[in-house]
Amino acid sequence: MTEDDAHDDTAPGWQAIDAALAPLYAGQEPKHVGTIIKWMLGGPDPLDGISAWKRTDPVPHWHFVSYGLSELYGKDSDNAEVSGWGFELTFRLGCDEAEEDPPAWAFSLMQNLARYVFQSGNVLGDGEWMNANGPIALETETQLMALAFIKDPELPQIDTLHGSVDFIQIVGLTLDEMEAGKQWQTRGLLDALLPYMPLWTTDLSRSSLLKRSDVYDAVEAGKARDGSSMGVLFMPAISWSIRKRLLQGSVTVIRLGAGHVEELLQSLSMRLPFGRDLYLAGSDQAIAFAPGESMIVKEEGGNLHVSLNLTALEAVRATLRPVVGEYRVRGLPGIVWEVERTNIRNASGHIVRSIG
128 MTEDDAHDDT
138 APGWQAIDAA
148 LAPLYAGQEP
158 KHVGTIIKWM
168 LGGPDPLDGI
178 SAWKRTDPVP
188 HWHFVSYGLS
198 ELYGKDSDNA
208 EVSGWGFELT
218 FRLGCDEAEE
228 DPPAWAFSLM
238 QNLARYVFQS
248 GNVLGDGEWM
258 NANGPIALET
268 ETQLMALAFI
278 KDPELPQIDT
288 LHGSVDFIQI
298 VGLTLDEMEA
308 GKQWQTRGLL
318 DALLPYMPLW
328 TTDLSRSSLL
338 KRSDVYDAVE
348 AGKARDGSSM
358 GVLFMPAISW
368 SIRKRLLQGS
378 VTVIRLGAGH
388 VEELLQSLSM
398 RLPFGRDLYL
408 AGSDQAIAFA
418 PGESMIVKEE
428 GGNLHVSLNL
438 TALEAVRATL
448 RPVVGEYRVR
458 GLPGIVWEVE
468 RTNIRNASGH
478 IVRSIG
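Here this note's numbering runs 127 ahead of the position in the sequence shown, where the first position is 1.
Okay, here's the thing in structure tokens:
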């Protein structure tokens, strides 16, 4: 569908998005890229279209908005209160004032994110993040290799004929910024970055803003005050088993990759002392850590549940290392930690780096 096609009565969802953008861009015609073969007809792109508006304030940038994650035409879902997936993507990308056309990779990025939503069923909401596993703009030297998602600061939720729609903005982050957000909270991190990222506009040329002392201090203070809001870690290699020993009690063996040890220790430290659980989801098994007055290890519902008090947590932090080996923590006789080598592979499946 072209943008002109959307201005008839068969696309009320599209018209509602246009109406939300009209106050910002009155009289401006956006650069629009439409999809030739729709996703429902076997096409490769889930979004029916993406528009980009040129801005000069507060910094020169392109403002991209998607059409297709909400219900643009008829009502197909059963939820009358929410239109489609309940949101559309936006993206603000810094540019030169003289630039006449937005870069093609930004359109591809938004299509890829929409494809992820359609295929996985996972909704991208305010405060979430994603590791891009490489530069967010392929074949560039940018240090931005992660994405955060936040409600667009200029586009509040709208009510359409088919239900509500949020506008969720994509924000490019460096890997250390992403880690800081995981240890604290994505919104807190983005608020700390905002003075140097007007409207959270992504700038491919920038380095980590955590190098600035004021940003670093704000993030560290937030972590110490609030702890981490991230309660789930996905670690495909995490597993556990019960090892029985002759003439001795059994022990619980927890296995994890060396590449995940530091992340686990940081996350435990930012969750348990604040009275919050931490859930580790592996490919086949899961482990739930919880704060407690004493150490308790039990199997429940196919998952391993481990309660640690602050003394036990400090002992784990002092003992566990990202080096291959078997670790026994003083004061925790019921658990053996087995750290295995983590192999980092490229897109072709070849090992490019090993940790441990």
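By construction, the Cβ of each residue, glycine as well, lies at the ideal position given by its N, Cα and C atoms.
Here the structure is a predicted model, which is why all the values come from computation and not from measurement.
Could you tell me the alpha carbon to alpha carbon distance between ALA348 and ALA319, rounded to whole angstroms?
As a working note, residue 348 is residue 221 in the sequence shown. As a working note, residue 319 is residue 192 in the sequence shown. Answer to the nearest angstrom: the Cα atoms are 11 Å apart.
Give a yes or no on whether the C-beta atoms belonging to ILE295 and GLY252 are separated by under 8 Å.
Counting from one through the sequence shown, the residue named residue 295 turns up at place 168. Counting from one through the sequence shown, the residue named residue 252 turns up at place 125. Yes, they are a contact pair.
ASP485, DSSP secondary structure in three states:
Shown here, the chain extends from 128 to 483; a query on residue 485 therefore has no answer.
Please list the terminal residues of the continuous beta strand (DSSP E) segment that includes TYR454.
By one-based count along the sequence shown, residue 454 stands at place 327. TYR454 -> beta strand (DSSP E) spans 452 to 455.
Among residues of its own chain, excluding the 5 on either side of ASN436, which ones have a beta-carbon nearer than 8 Å to its beta-carbon?
One-based indexing of the sequence shown puts residue 436 at position 309. Closer than 8 Å at the Cβ level, and outside the excluded window around ASN436, lie PRO418, GLY419, GLU420, SER421 and MET422.
Among SER291, LYS338, ALA345 and GLU281, nearest to GLN312 - alpha-carbon criterion
Along the sequence shown, read from residue 1 onward, the residue named residue 312 stands at position 185. If we check each option's Cα against that of GLN312, ALA345 comes out closest.
Which class does ASP330 belong to by DSSP, given the choice of helix, strand or coil?
On the sequence shown, position 203 is the one that residue 330 refers to. Coil at ASP330, not helix or strand.
To the nearest angstrom, how far is it from the Cα of THR269 to the Cα of GLU226?
Locating residue 269 in the sequence shown gives position 142, counting from the first residue. Locating residue 226 in the sequence shown gives position 99, counting from the first residue. Using only the alpha carbons, I get a separation of about 19 Å.
Identify every run of the beta strand (DSSP E) within the region 386 to 415, keeping only runs that are complete inside it and at least 3 residues long; order them along the chain.
405 to 408
By how many angstroms is the C-alpha of ALA364 removed from the C-alpha of ALA259?
The count along the sequence shown starts at 1 and reaches residue 259 at position 132. The count along the sequence shown starts at 1 and reaches residue 364 at position 237. Looking at the two C-alpha atoms, the distance is approximately 20 Å.
Could you please give me the residues that DSSP links to ASP286 through a beta bridge?
Here residue 286 corresponds to residue number 159 of the sequence shown, with the count starting at 1. ASP286 is bridged to SER291.
Return yes when the Cβ of LEU321 is within less than 8 Å of the Cβ of TRP327, no when it is not.
Taking the sequence shown and counting its residues from 1, the one referred to as residue 327 is at position 200. Taking the sequence shown and counting its residues from 1, the one referred to as residue 321 is at position 194. Taking a C-beta distance under 8 Å as the contact criterion, TRP327 and LEU321 qualify as a contact pair.
Closest Cα partner of ALA146 within the set ASP286, SER434 and ASN239
Within the sequence shown, numbered from 1, the residue matching residue 146 stands at position 19. The candidate whose alpha carbon is nearest that of ALA146 is ASP286.
For ASN249, does the three-state DSSP call read helix, strand or coil?
In the sequence shown, residue 249 corresponds to position 122, counting from 1. ASN249: coil per DSSP, three-state reduction.
At the level of alpha carbons, what is the spacing between ILE300 and VAL388?
Here the question's residue 300 lines up with position 173 in the sequence shown. Here the question's residue 388 lines up with position 261 in the sequence shown. Looking at the sequence shown, residue 300 is not Ile but Leu. Going by the C-alpha atoms only, they are around 23 Å apart.
Coil, strand or helix - ILE164 by DSSP:
By 1-based counting over the sequence shown, the position of residue 164 is 37. Here ILE164 sits in coil by DSSP.
Have a look at VAL298 and TRP189 and give me their C-alpha separation to the nearest angstrom.
The residue labelled residue 298 in the question sits at position 171 within the sequence shown. The residue labelled residue 189 in the question sits at position 62 within the sequence shown. It is roughly 13 Å from the alpha-carbon of VAL298 to the alpha-carbon of TRP189.
Roughly how many angstroms lie between the CA atoms of MET257 and LEU282, to the nearest whole one?
Locating residue 257 in the sequence shown gives position 130, counting from the first residue. Locating residue 282 in the sequence shown gives position 155, counting from the first residue. C-alpha separation (whole angstroms): 22 Å.
Within 10 Å of its beta-carbon, does HIS289 have 16 or more other beta-carbons around it, so buried, or fewer, so exposed?
Residue mapping note: residue 289 aligns to position 162 of the sequence shown, counting from 1. Buried, since its Cβ has 16 or more Cβ neighbours within 10 Å.
Neighbourhood of ASP330 by C-beta, 7 Å cutoff - its chain only, sequence neighbours within 5 removed:
The count along the sequence shown starts at 1 and reaches residue 330 at position 203. Taken in chain order, the residues that qualify are GLY221.
Rounded to whole angstroms, what's the CA-CA distance from MET128 to GLY176? Just pull it up for me.
For this step, residue 128 is matched to residue 1 along the sequence shown. For this step, residue 176 is matched to residue 49 along the sequence shown. A caution first: MET128 carries a pLDDT of 46, below 50, which makes its placement in the model unreliable, though a value can still be read off. Rounded to whole angstroms, MET128 to GLY176 spans 7 Å at the Cα level.
So what does DSSP say about THR446, is it helix, strand or coil?
Along the sequence shown, read from residue 1 onward, the residue named residue 446 stands at position 319. THR446: helix per DSSP, three-state reduction.
To the nearest angstrom, how far is the alpha carbon of PRO173 from that of LEU216?
By 1-based counting over the sequence shown, the position of residue 173 is 46. By 1-based counting over the sequence shown, the position of residue 216 is 89. If you take the alpha carbons of PRO173 and LEU216, they lie about 12 Å apart.
Are the region 390 to 405 and the region 450 to 457 touching, with three or more C-beta to C-beta distances below 8 Å?
no
Enumerate, from N- to C-terminal direction, the unbroken beta strand (DSSP E) stretches of 3 or more residues contained entirely within the region 299 to 367.
359 to 361
For ALA138, which of helix, strand or coil comes out of DSSP?
As a first step, residue 138 is located in the sequence shown; it is residue number 11 there, counting from the start. Residue state, collapsed to three classes: coil.
Could you tell me which whole alpha helix (DSSP H) segments of length 4 or greater appear in the region 186 to 241?
none
Less than 8 Å separating the beta-carbons of VAL482 and GLY386?
In the sequence shown, residue 482 corresponds to position 355, counting from 1. In the sequence shown, residue 386 corresponds to position 259, counting from 1. For clarity, residue 482 is Ile in the given sequence; the question names Val instead. Result yes, Cβ atoms of ILE482 and GLY386 sit closer than 8 Å.
Quick one: what does DSSP say MET128 is sitting in, helix, strand or coil?
For the purposes of this step, residue 128 is taken as residue 1 along the sequence shown, with counting starting at 1. Because the pLDDT of MET128 is 46, which lies under 50, any placement of that residue in the model is unreliable, and the number read from its coordinates should be weighed accordingly. Note: MET128 maps to coil in three-state DSSP.
Alpha carbon to alpha carbon, what distance is there between MET362 and GLU266?
The residue given as residue 266 occupies position 139 in the sequence shown. The residue given as residue 362 occupies position 235 in the sequence shown. Going by the C-alpha atoms only, they are around 28 Å apart.
Own chain, CB closer than 6 Å to ALA138, minus 5 neighbours either side, in chain order
Your numbering for residue 138 matches position 11 in the sequence shown. The residues are LEU199 and TYR200.
Under a Cβ-count criterion, where at least 16 other Cβ atoms within 10 Å of its own Cβ denotes burial, should GLU306 be classed as buried or exposed?
The count along the sequence shown starts at 1 and reaches residue 306 at position 179. Buried, because 16 or more other Cβ atoms sit within 10 Å of the Cβ of GLU306.
Below 8 Å on the Cβ atoms is my contact criterion, and I expect PRO325 with PRO185 to pass it. Report the Cβ-Cβ distance as a whole number of Å.
Stepping through the sequence shown from its first residue, residue 325 is reached at position 198. Stepping through the sequence shown from its first residue, residue 185 is reached at position 58. 4 Å between Cβ atoms; contact.
Alpha carbon to alpha carbon, how far is SER193 from ASN206? Give it in angstroms, no decimals.
If you number the sequence shown from 1, residue 206 lands on position 79. If you number the sequence shown from 1, residue 193 lands on position 66. One Cα belongs to ASN206, the other to SER193, and the distance between them is close to 21 Å.
Distance between beta carbons of SER210 and SER197, contact taken as under 8 Å
On the sequence shown, residue 197 is found 70 positions in, with the first residue counted as 1. On the sequence shown, residue 210 is found 83 positions in, with the first residue counted as 1. That pair is a contact at about 4 Å.
List the residues that DSSP assigns as beta-bridge partners of GLU277.
Working through the sequence shown from its first residue, we reach residue 277 at position 150. Sequence check: residue 277 is Ile here, not Glu. GLN296.
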